[in-house]
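Report on the structure given below.
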Amino acid sequence: MKKENFFFVVDNFFKQDYFEKLKNKVIQQNYLPRTVDYEGDSQKLYHHIPLDTKDSHCQHTYKTIKKQFNHEINFDNMYVQSFFFLSFGHETPNIHQDSCMFNCMIYIQGENLLQNGTSFYIKDKDEQFVLHSVLGFQENRAVLFDGSIYHASSQYMNASNPRYIMTNFIWSKND
Numbered sequence: 000m001k002k003e004n005f006f007f008v009v010d011n012f013f014k015q016d017y018f019e020k021l022k023n024k025v026i027q028q029n030y031l032p033r034t035v036d037y038e039g040d041s042q043k044l045y046h047h048i049p050l051d052t053k054d055s056h057c058q059h060t061y062k063t064i065k066k067q068f069n070h071e072i073n074f075d076n077m078y079v080q081s082f083f084f085l086s087f088g089h090e091t092p093n094i095h096q097d098s099c100m101f102n103c104m105i106y107i108q109g110e111n112l113l114q115n116g117t118s119f120y121i122k123d124k125d126e127q128f129v130l131h132s133v134l135g136f137q138e139n140r141a142v143l144f145d146g147s148i149y150h151a152s153s154q155y156m157n158a159s160n161p162r163y164i165m166t167n168f169i170w171s172k173n174d
């Protein structure tokens with residue numbers, strides 16, 4: 000089921016005891032800088048770890064996604080690619096779309112700031128990006144959104160700090 004131009008937010012996504020275990024795992028990882036350029040922007044500010052979807056943390060996350068967003072996600076007809084990301088403040092937004100049907104981003108660790116969250120954009124009549132909304136960072140917050148929505152880390156804003164997130168890109172098996 001494809002719905003366009005939406006995002007849903009759930010605070011306290013995981014039960015607190017599980018969230019603390021996941022957070023400890025996330026911050027103890029060795030993050031490598033992304034060395035690939037996307038649309039000419041250096042990705043050295045973004046560090047990531049690809050995850051094994053059969054890992055117990057991924058499986059628990061997928062079950063929680065289905066539980067929290069069950070009216071949107073049916074894993075029988077979908078597949079997922081998951082990553083842990085560590086990102087830092089930067090000067091300009093890296094506005095992009097994801098090639099997936101859905102993105103379920105979970106904020107793991109960072110300072111609870113608007114500037115550590117995610118910015119969502121629309122294009123105006125002149126095809127220029129216009130900031131539409133900003134979702135602030137809050138630990139254990141999940142946002143599920145249509146991958147075609149233009150978005151960027153809000154860490155280009157002045158007061159941002161490093162943040163850890165888990166991103167789950169979800170595709171239809173029919174794509």
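Here the sequence shown stands for residues 0 to 174, numbered as in our numbering. All C-beta atoms, glycine included, are put in the ideal place defined by N, C-alpha and C. Just so it is clear, the structure is predicted and the values come from calculations on it, not from any experiment.
What's the gap between the Cα of Thr-166 and the Cα of Lys-124?
31 Å
Are the CB atoms of Ser-81 and Thr-52 within a distance shorter than 9 Å?
yes
Which residue wins for smallest C-alpha separation from Phe-136, given the options Ile-107, Gln-27, Ser-98, Leu-143?
Ile-107
Taking DSSP's pairing of strands, which residues face Met-77 in a bridge?
Ser-171.
I want to know whether the segment 137-144 touches the segment 152-160 - three or more CB-CB distances under 8 Å.
no
Integer Cβ distance of Phe-68 from Leu-143, believed to fall under 8 Å:
5 Å
Let me check understanding here. Comparing Cα to Cα, which of Pro-92, Cys-103, Thr-91, Tyr-149 lies closest to Tyr-78?
Cys-103
Who are the near neighbours of Val-8 in its chain, counting only those whose CB is closer than 6 Å to its CB and skipping five residues on each side?
Val-142
Contiguous alpha helix (DSSP H) assignments of at least 4 residues, all confined to the segment 46-118:
55-67
Under a three-way DSSP split, which group does Lys-122 fall into?
strand
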